[in-house]
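First comes the structure, then the notes that go with it.
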Amino acid sequence: MAINKHVDIRLRVLDKCLRNKSDKYDLEKLTKACTQALYEYDGTRSISPRQVRDDLKYMEGEQGYRAPIERYKSIHHPRKKLFRYSDPDFSISKQPLSREDAQQLHETLVTLKRFKGLPQFDWIQELSVKLQKLIDTKTSEVPIISFDNNSRIKGLEWIDPLYYAILNKQPLIVTYTPFFQNKETHLISPYLLKEFNNRWFVLTKTDKKDFLINLALDRISSIASGDFTYESLGFSNPESFFEPIIGVTNDLNEPIQDIVLKIEKSLYPYLQTKPIHASQTVLDPINNDWIRISVSIRANYEFFSLILSHGPRIKVVSPETIKKTIKNIISQMQQIYSE
1 MAINKHVDIR
11 LRVLDKCLRN
21 KSDKYDLEKL
31 TKACTQALYE
41 YDGTRSISPR
51 QVRDDLKYME
61 GEQGYRAPIE
71 RYKSIHHPRK
81 KLFRYSDPDF
91 SISKQPLSRE
101 DAQQLHETLV
111 TLKRFKGLPQ
121 FDWIQELSVK
131 LQKLIDTKTS
141 EVPIISFDNN
151 SRIKGLEWID
161 PLYYAILNKQ
171 PLIVTYTPFF
181 QNKETHLISP
191 YLLKEFNNRW
201 FVLTKTDKKD
211 FLINLALDRI
221 SSIASGDFTY
231 ESLGFSNPES
241 FFEPIIGVTN
251 DLNEPIQDIV
261 LKIEKSLYPY
271 LQTKPIHASQ
281 TVLDPINNDW
291 IRISVSIRAN
301 YEFFSLILSH
311 GPRIKVVSPE
321 TIKKTIKNII
331 SQMQQIYSE
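When you number the sequence shown by UniProt numbering, it's gap-free, plus one each residue, and the end is 339.
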């Protein structure tokens, strides 16, 4: 039974009636009580006695609350069946989750644990164990979803401390070593954890720059709490930093441009289902051998890598500066392969 708002209201009303020691409830009276509550909630005019019977059955079941519902005969009307809890102290409100709810939540947590690269927060494992005790069944953890994963990825140990620093607006002291450079110490105010191409980054302000940067987690060697003031981001949504780009490289000195591309017809369905960028727009009808599209982005390393990955099936039409950059890269490739 899917637990939506109507179902929840009916179950709470039935629970209240079944606990009521000063009144007696048959199916008709239970139905009226549920109808009245739903009418007061959103104007629902009636529900059927059959629905109430199904609700009672659900409350009693293994997937519900295991409610001890007793059917007994009325003294004054022997043919009338009445309902109450055999245990006067029972209430579904004393069991925060039904077994079905607990099972669904447990399965969700199991799935979360299979996301290679996501932070393995301690609470996921702890809550999963508690839910397993509640549902009293052995849940199979044979993988049914497979995610792209690099088992040798580095830096995942920094996700937890960075996550909680962002959550609590805690400044940090980070030891960081860029490729081919000396070790640096950054005083940072972190804002967002970002995964791209099996690598993790933290979007942050740092005392080394007067603009936002991304620090790769695999280049971090230590993190410590800072005793300086956490600097607010200055705008509400840190994800907007990545909107005009592909990947994570965002050079604010580069302009956002409308880039026109020609896509080979056989490739287009793949780019239609997995666009190059959220701004992707079709310019020409799809019945041509080539389809022209445009993207409005800030061209960066990730953009050029993506375009070149499709070889001769994508061609830059404009602007000329982007086209020239692609030509230069191809020329360099030709040179090294001709040696």
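Cβ coordinates follow ideal geometry from the N, Cα and C atoms, glycine included.
- As computed with DSSP, R71 is found in a beta bridge with F83.
- Contact check between the stretch 266-283 and the stretch 292-299: three or more CB pairs, one atom from each, fall below 8 Å, which counts as touching.
- Secondary structure of S46 (DSSP, three-state): coil.
- The C-alpha of L215 lies about 19 Å from the C-alpha of R152.
- With a minimum length of 4 residues, the unbroken runs of alpha helix (DSSP H) contained wholly in the stretch 141-216 fall at 159-168.
- Exclusion of the five residues before and after I276 leaves V295 as the residues of its chain whose Cβ lies within less than 6 Å of its Cβ.
- The stretch 197-213 and the stretch 262-270 do not touch, with fewer than 3 CB-CB distances between them shorter than 8 Å.
- Counting other Cβ atoms within 10 Å of its Cβ, S189 reaches 16 or more and is therefore classed as buried.
- Using a C-beta cut-off of 8 Å, the stretch 175-186 makes contact with the stretch 220-227, since at least three inter-stretch Cβ pairs fall below that distance.
- The C-alpha of P88 is placed about 23 Å away from the C-alpha of V7.
- As far as DSSP is concerned, K32 takes part in no beta bridge.
- A299 sits in coil when the DSSP states are folded into three classes, being neither helix nor strand.
- Contact check for L193 and G155: beta-carbon distance about 11 Å, past the 8 Å limit, so the pair fails to qualify.
- Contact between L18 and Y85 holds, since their C-beta atoms are separated by about 5 Å, short of 8 Å.
- By DSSP's assignment, V316 forms a beta bridge with L261.
- For S294, the beta-bridge partners assigned by DSSP are V260, T281.
- With a cutoff of 9 Å on beta-carbon distance, N300 and E239 are scored as not near each other.
- When C-alpha distances from H76 are compared across S236, Y41, I69, D26, the shortest belongs to D26.
- Residue burial is scored here from C-beta neighbours: K324 has fewer than 16 other C-beta atoms within 10 angstroms and is therefore classed as exposed.
- Cβ atoms of L56 and I47 stay farther apart than 8 Å, at about 13 Å.
- Inclusion of T35 and R50 in the CB contact set at 9 Å is not warranted, their separation being larger than that value.
- The criterion of a C-beta distance shorter than 9 Å is satisfied by P68 and F90.
- Boundaries for I9: no beta strand (DSSP E) harbours it, while the alpha helix (DSSP H) harbouring it runs 5-19, taken from the DSSP string.
- A Cβ-Cβ contact shorter than 9 Å links E302 with F196.
- Assignment of Y25 by DSSP, reduced to helix, strand and coil, places it in the strand class.
- Sixteen is the threshold: when 16 or more other Cβ atoms of the shown chains lie within 10 Å of the Cβ of T31, as they do, the residue is buried.
- Here DSSP, grouped into helix, strand and coil, assigns S221 to strand.
- In the three-state DSSP reduction, S236 falls in the coil class, being neither helix nor strand.
- The beta carbon of L162 sits closer than 8 Å to those of L172, P190, L193, V202, L217, I223, all from its chain and outside the five residues before and after it, given in chain order.
- Boundaries of the alpha helix (DSSP H) around Q272: 268-273.
- Of the candidates I9, K169, S93, P312, the residue whose Cα lies closest to the Cα of D227 is K169.
- In the structure shown, L252 adopts coil according to DSSP, grouped into three states.
- Annotation: S93 to D23 spans about 20 Å, alpha carbon to alpha carbon.
- If you draw a 10 Å sphere on the C-beta of T321, you find fewer than 16 other C-beta atoms in it, and that means exposed.
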